[in-house]
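A.B. asks: Protein chains in written order, with my numbering: chain A, 4 to 114; chain B, 2 to 115.
Here it is: the structure, laid out below.
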Amino acid sequence: NAGVTQTPKFRVLKTGQSMTLLCAQDMNHEYMYWYRQDPGMGLRLIHYSVGEGTTAKGEVPDGYNVSRLKKQNFLLGLESAAPSQTSVYFCASSYGFGEQFFGPGTRLTVL
Amino acid sequence: AQSVTQPDIHITVSEGASLELRCNYSYGATPYLFWYVQSPGQGLQLLLKYFSGDTLVQGIKGFEAEFKRSQSSFNLRKPSVHWSDAAEYFCAVGENNAGNMLTFGGGTRLMVKP
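What follows is the structure in C-alpha cells.
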C-alpha cells in the first residue's frame, strides 16, 4: 500500500496563477483533510471531507477550494495564488475518528 | 474553541539524556490527544494517542506520554534520547465529532547533541 500520496512535491507559482494539488489514498478511508504548515504555527486545517461528494471548511479556508469526486482522491485548488499562500501543504486521511495518516507534503512558493 | 500550546519552540539535549516535551491544551470536554513526529522533509507520523483509560500511554520508538487532567497537560517523555530522534514534534487535540478535526500545537524542534 502506498498510503497517502501527494502530487506535486514542489511547485513555484506567480501571483495570480492557479493550480490544483492532488491527494490520493489507498486505505479506503472515509475522511480526508488538507492542512497548511507555516513556521511556528503547526498545522492548520484548510478544508476537510467526511465522504465522497462532501466537503467542509476548516480553520483557514479563504482562497482555497476543494473537491472529493472519488472516495480515494481529494483535490485542493488555488484559483488566484497569493504570496501569503506560500507554505507546505499536507493531506491526511482517516477511517473516522482517530489517527490521521499524512502524506509527504507539497512545498508551494508563490512569487 | 480548543487550543494547544507547546511552550518550547526549540529544545537541545545530549544523546542518552532524558527528554520531556511539554503540551498544554484547552478543551471543554474530555480531550482526545495525540503526539506526532515530523522528520525533515517528511510528513507526520503518529507516536502515540490517548482516548481514555490509563493516563500513561506508550508509543513507538520508546516514547510515552502522561495525561494529567488537573494540569491540562499531555507531556511527551523518553528516558534516553538517540540522535535519530532529532525532529519536530507536534501535540494535537481532537474532537470526537463528525469531522474528526485535529487542532495542532506550534511544534517543538528537538536537536540532539552527540
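For every residue, glycine included, the Cβ atom is placed at its ideal position computed from N, Cα and C.
#1: In terms of residues, what are the limits of the beta strand (DSSP E) holding residue 13(B)?
#2: Under a Cβ-count criterion, where at least 16 other Cβ atoms within 10 Å of its own Cβ denotes burial, should residue 117(B) be classed as buried or exposed?
#3: Taking all protein chains shown into account, do 16 or more other C-beta atoms lie within 10 angstroms of the C-beta of residue 89(B), making it buried, or fewer, making it exposed?
#4: Just the C-alpha distance for residue 84(A) and residue 7(A), rounded to the nearest angstrom, thanks.
#5: Do you know how far the Cα of residue 94(A) is from the Cα of residue 37(A)?
#6: Does residue 91(B) have its Cβ less than 8 Å from a Cβ in chain A?
#7: Does the beta carbon of residue 55(A) sit closer than 8 Å to a beta carbon anywhere in chain B?
#8: Residue 91(B) and residue 45(B): beta carbons closer than 8 Å?
#9: Give me, in chain order, the residues of the same chain whose beta-carbon lies closer than 7 Å to that of residue 90(A); leave out the 5 immediate sequence neighbours on both sides.
#10: Please confirm if residue 108(B) has its CB atom under 8 Å from at least one CB of chain A.
#11: For residue 5(A), count neighbouring Cβ atoms within 10 angstroms of its own Cβ and tell me buried if that reaches 16, exposed if not.
#12: Restricting to Cα atoms, I'd like to know which of 66(B), 41(B) and 39(B) is closest to residue 49(B).
#13: Which term fits residue 84(B), buried or exposed, when burial requires 16 or more other beta carbons within 10 angstroms of its beta carbon?
#14: Starting from residue 88(B), trace the beta strand (DSSP E) both ways and give me its first and last residue.
#15: Do we get a CB-CB distance below 8 Å when we pair residue 96(A) with the residues of chain B?
#16: Can you list the residues of chain B that residue 13(A) reaches, using a CB-CB cut of under 8 Å?
#17: Run through chain A and tell me which residues come within less than 9 Å of residue 112(B), C-beta to C-beta.
#18: Which residue from 97(A), 59(A) and 87(A) puts its Cα closest to that of residue 114(A)?
#19: Going by the beta-carbon positions, is the gap between residue 38(B) and residue 82(B) smaller than 8 Å?
#20: Rounded to whole angstroms, what's the CA-CA distance from residue 16(B) to residue 48(A)? Just pull it up for me.
#21: Measuring straight from C-alpha to C-alpha, what distance separates residue 109(B) and residue 18(B)?
#22: May I ask you to list the residues that DSSP assigns as paired with residue 67(B)?
#23: Contact criterion: CB-CB distance below 8 Å. Does residue 34(A) meet it with respect to chain B?
C.D. replies: To lay it out plainly:
#1: Counting from 1 along the second sequence, the entry for residue 13(B) is found at position 12. First-last of the beta strand (DSSP E) with residue 13(B): 11-15.
#2: Nothing about residue 117(B) can be reported from this structure: the residues present for chain B run from 2 to 115 only.
#3: To locate residue 89(B), count along the second sequence from 1; it is residue 88. Residue 89(B) comes out buried.
#4: Locating residue 84(A) in the first sequence gives position 81, counting from the first residue. Locating residue 7(A) in the first sequence gives position 4, counting from the first residue. Residue 84(A) and residue 7(A): Cα-Cα distance of roughly 25 Å.
#5: Your numbering for residue 37(A) matches position 34 in the first sequence. Your numbering for residue 94(A) matches position 91 in the first sequence. Spanning the two alpha carbons is a distance of roughly 5 Å.
#6: Here residue 91(B) refers to the residue found at position 90 of the second sequence. It does: the Cβ of residue 91(B) has a partner Cβ on chain A nearer than 8 Å.
#7: Position 52 of the first sequence, counting from 1, holds the residue named residue 55(A). So no, residue 55(A) is outside the interface.
#8: Indexing the second sequence from 1 puts residue 91(B) at position 90. Indexing the second sequence from 1 puts residue 45(B) at position 44. In this structure, residue 45(B) lies closer than 8 Å to residue 91(B) by Cβ.
#9: Residue 90(A) sits at position 87 when you count from the first residue of the first sequence. These residues qualify, in order along the chain: 39, 40, 41 and 111.
#10: Start at 1 with the first residue of the second sequence, and residue 108(B) comes out as number 107. Chain A, which has a Cβ nearer than 8 Å to the Cβ of residue 108(B), makes this yes.
#11: Residue numbering aside, residue 5(A) sits at position 2 when the first sequence is read from its first letter. Per the 10 Å Cβ criterion, exposed.
#12: Position 48 of the second sequence, counting from 1, holds the residue named residue 49(B). Distances from the alpha-carbon of residue 49(B) to those of 66(B), 41(B) and 39(B) put 66(B) closest.
#13: Residue mapping note: residue 84(B) aligns to position 83 of the second sequence, counting from 1. By the neighbour-count criterion, in which a residue is buried when 16 or more other Cβ atoms sit within 10 angstroms of its Cβ, residue 84(B) is exposed.
#14: For the purposes of this step, residue 88(B) is taken as the residue at position 87 of the second sequence. Per DSSP, the continuous beta strand (DSSP E) segment holding residue 88(B) begins and ends at 88-95.
#15: On the first sequence, position 93 is the one that residue 96(A) refers to. False, the Cβ-Cβ gap to chain B never drops below 8 Å.
#16: For the purposes of this step, residue 13(A) is identified with residue 10 of the first sequence, where counting begins at 1. Under the 8 Å cutoff, chain B gives no residues; its nearest Cβ is about 11 Å from residue 13(A).
#17: As a position in the second sequence, residue 112(B) is number 111, starting the count at 1. Ordered by position in chain A, no residue passes the 9 Å Cβ test against residue 112(B), which lies about 16 Å from the chain.
#18: For the purposes of this step, residue 114(A) is taken as residue 111 along the first sequence, with counting starting at 1. Residue 87(A) is the option with its Cα nearest to residue 114(A).
#19: Counting from one through the second sequence, the residue named residue 38(B) turns up at place 37. Counting from one through the second sequence, the residue named residue 82(B) turns up at place 81. Going by C-beta atoms, residue 38(B) is not nearer than 8 Å to residue 82(B).
#20: Here residue 16(B) is taken as the residue at index 15 of the second sequence, counted from 1. Here residue 48(A) is taken as the residue at index 45 of the first sequence, counted from 1. Here the alpha carbons of residue 48(A) and residue 16(B) stand approximately 34 Å from one another.
#21: By 1-based counting over the second sequence, the position of residue 109(B) is 108. By 1-based counting over the second sequence, the position of residue 18(B) is 17. Cα to Cα, the separation comes out at about 17 Å.
#22: Along the second sequence, one-based indexing puts residue 67(B) at 66. Residue 67(B) pairs with 57(B) and 76(B).
#23: For the purposes of this step, residue 34(A) is identified with residue 31 of the first sequence, where counting begins at 1. Any Cβ of chain B closer than 8 Å to the Cβ of residue 34(A) would place that residue at the interface, and such an atom is present.
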